[in-house]
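S.K.: My questions all concern the structure below.
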Ligand SMILES: Nc1ncnc2c1ncn2[C@@H]1O[C@H](COP(=O)(O)OP(=O)(O)OP(=O)(O)O)[C@@H](O)[C@H]1O
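In our numbering, the protein residues as written are 304 to 600.
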């Protein structure tokens with residue numbers, strides 16, 4: 304289920320051959336997840352499935368538990384109850400798969416990567432050094448050879464547009480440049496599950512669109528299972544196959560984006576009128592919040 308970065312680079316070439324593999328129905332599943340900070344439970348029995356070749360967007364108001372749920376899939380937040388499982392090879396269901404918490408850290412890191420919302424910025428290291436860090440799960444003890452490493456790092460830097468800043472120190476980059484470097488680090492890790500927490504934050508318009516295009520390519524052409532927290536409902540409508548809508552720690556709705564993103568649900572969950580329309584030319588779903596100064600209000 305790994306995606307080769309050789310293929311990632313080929314997503315840019317129109318003649319890229321299709322990658323044909325047998326895929327499990329569910330790459331990663333969270334079942335009955337109860338998540339707390341100290342004694343305060345913030346996610347109550349959440350169910351989530353990430354499917355190979357599909358983008359699943361986690362939506363919901365501030366504080367509804369999106370990041371906590373995503374981090375639990377990445378093993379960065381231990382559940383009080385419930386399970387996180389990863390499909391093995393041809394397993395047909397998350398229930399038939401491995402308990403993610405039982406995997407050796409390096410094994411887990413070869414399968415799952417997370418682009419988190421914020422990172423401490425290391426000083427005195429170059430962009431290339433940081434991206435190369437994504438290869439750590441493939442290095443043996445004593446830093447034994449990772450034959451695919453240099454090529455994977457170069458491709459990850461190419462597709463995220465950071466190759467030209469490879470020798471610059473990361474501590475001198477802008478927020479958006481740094482965000483792309485961290486994304487490149489995740490891609491260099493070459494995993495079948497890609498988790499992204501608000502990845503378009505800090506990015507300018509072009510890179511927001513390019514990031515979402517890249518995410519779409521990784522899913523569609525290489526079978527990566529993507530779980531992404533987004534605030535922009537239109538970005539979610541554009542990129543996601545499935546959405547999971549959280550409201551005060553509960554999964555309010557989950558399913559195909561076109562079915563779940565309704566005016567009724569979004570208005571209720573966000574506490575502001577949200578109009579949902581379909582663009583007559585593109586067929587795209589548009590979600591627009593209606594403020595007090597809007598003529599429609
Ligand atoms: N480190 C923490 N310690 C204690 N409580 C926390 C911590 N991180 C998050 N919380 C609380 O957990 C709840 C869920 O937070 P979480 O960050 O998962 O929500 P979110 O939906 O991702 O929010 P946002 O859209 O604002 O990023 C919130 O009530 C938040 O205050």
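Ideal Cβ placement from N, Cα and C applies to all residues, glycine included.
Assuming residue 590 contacts residue 577 (C-beta within less than 8 Å), just tell me the rounded distance between them.
M.R.: Correct: roughly 6 Å between the Cβ atoms.
S.K.: Below 8 Å on the Cβ atoms is my contact criterion, and I expect residue 490 with residue 424 to pass it. Report the Cβ-Cβ distance as a whole number of Å.
M.R.: Wrong, their Cβ atoms sit about 19 Å apart, outside the cutoff.
S.K.: Whole angstroms are fine: how far does the CA of residue 404 sit from the CA of residue 329?
M.R.: Their Cα atoms are separated by approximately 17 Å.
S.K.: For residue 367, verify whether its CB is less than 7 Å away from any heavy atom of ligand 1.
M.R.: Indeed, a heavy atom of ligand 1 lies less than 7 Å from the Cβ.
S.K.: Expressed to the nearest angstrom, what Euclidean distance is found between the alpha-carbon atoms of residue 448 and residue 558?
M.R.: Approximately 43 Å, taken between the alpha carbons.
S.K.: Quick check on residue 566: does DSSP put it in helix, strand or coil?
M.R.: In the structure shown, residue 566 sits in a helix (DSSP, three-state: H, G or I).
S.K.: Does the distance from the CB of residue 498 to the CB of residue 372 come in under 8 Å?
M.R.: In this structure, residue 372 does not lie closer than 8 Å to residue 498 by Cβ.
S.K.: State yes or no: is the C-beta of residue 413 within less than 8 Å of the C-beta of residue 441?
M.R.: A contact, by the Cβ cut-off of 8 Å.
S.K.: Residue 370: beta carbon under 7 Å from a heavy atom of ligand 1?
M.R.: Because some heavy atom of ligand 1 lies under 7 Å away, the Cβ of residue 370 counts as near it: yes.
S.K.: According to DSSP, residue 601 sits in a beta bridge with which residue or residues?
M.R.: This structure gives no information on residue 601, because the portion of the chain shown stretches from 304 to 600.
S.K.: Keeping to the same chain, check which residues put their C-beta closer than 7 Å to that of residue 345; ignore five residues upstream and five downstream.
M.R.: Taken in chain order, the residues that qualify are 338, 339, 368, 371 and 552.
S.K.: Residue 342: which of 383, 358 and 353 sits nearest, CA to CA?
M.R.: Residue 383 is the option with its Cα nearest to residue 342.
S.K.: Going by C-alpha distance, which of 583, 477 and 462 is nearest residue 518?
M.R.: Ranking 583, 477 and 462 by Cα distance to residue 518 puts 462 first.
S.K.: Is it the case that the Cβ atoms of residue 360 and residue 531 are separated by a distance below 8 Å?
M.R.: Cβ distance < 8 Å, so residue 360 and residue 531 count as in contact.
S.K.: Would you tell me roughly how many angstroms separate the C-alpha atoms of residue 483 and residue 465, rounded to the nearest one?
M.R.: Straight-line Cα distance between these residues: approximately 7 Å.
S.K.: My output table needs one value for residue 560: the three-state DSSP class, helix, strand or coil.
M.R.: Of the three classes helix, strand and coil, the one that applies to residue 560 here is helix, per DSSP.
S.K.: Here's the rule I'm using: 16 or more other beta-carbon atoms within 10 Å means buried, otherwise exposed. How should residue 426 be labelled?
M.R.: Residue 426 is exposed by the Cβ-count criterion.
S.K.: Output the distance between the C-alpha atoms of residue 450 and residue 418, rounded to the nearest integer angstrom.
M.R.: Cα-Cα distance, rounded: 24 Å.
S.K.: Can you check which of these residues, 550, 540 and 574, is closest to residue 586 by C-alpha distance?
M.R.: Ranking the options by Cα distance to residue 586, first place goes to 540.
S.K.: Is residue 548 near ligand 1, with its Cβ less than 7 Å from a heavy atom?
M.R.: No - ligand 1 has no heavy atom lying nearer than 7 Å to the Cβ of residue 548.
S.K.: Buried or exposed for residue 333, please, with buried defined as at least 16 other CB atoms from any protein chain shown within 10 angstroms of its CB.
M.R.: The residue in question, residue 333, is buried, as its Cβ has 16 or more Cβ neighbours within 10 Å.
S.K.: Starting from residue 456, follow the alpha helix (DSSP H) in both directions and report where the run begins and ends.
M.R.: Residues 452–462.
S.K.: Kindly give me the distance between the Cβ atoms of residue 362 and residue 515, rounded to whole angstroms, as I take these residues to be in contact under 8 Å.
M.R.: That pair is no contact at about 15 Å.
S.K.: CA-CA distance, residue 410 and residue 388?
M.R.: Approximately 13 Å between the Cα atoms of the pair.
S.K.: With burial defined as no fewer than 16 other Cβ atoms inside 10 Å of the residue's Cβ, what is the status of residue 478: buried or exposed?
M.R.: By the 10 Å Cβ count, residue 478 comes out exposed.
S.K.: Mapping DSSP to helix, strand and coil, what is residue 424?
M.R.: Note: residue 424 maps to coil in three-state DSSP.
S.K.: Three-state secondary structure (DSSP) at residue 312?
M.R.: Only weak support is given to the placement of residue 312: the predicted model assigns it a pLDDT of 35, under 50, and the question is left unresolved by the model.
S.K.: Between the alpha carbons of residue 385 and residue 596, how many angstroms are there, rounded?
M.R.: The straight-line gap from Cα to Cα measures roughly 44 Å.
S.K.: With DSSP as the reference, label residue 375 as helix, strand or coil.
M.R.: Residue 375 falls in the helix class under three-state DSSP.
S.K.: I'd like to confirm something about residue 333: is its beta-carbon nearer than 7 Å to some heavy atom of ligand 1, or not?
M.R.: Not under cutoff, so the answer is no.
S.K.: What is the C-beta distance between residue 331 and residue 415, in whole angstroms, given that I count them as a contact (C-beta under 8 Å)?
M.R.: Sure, about 7 Å apart at Cβ, within 8 Å.
S.K.: Measuring CA to CA, which of 525, 493 and 379 is closest to residue 356?
M.R.: Looking at the Cα atoms, 525 is the closest of the given residues.
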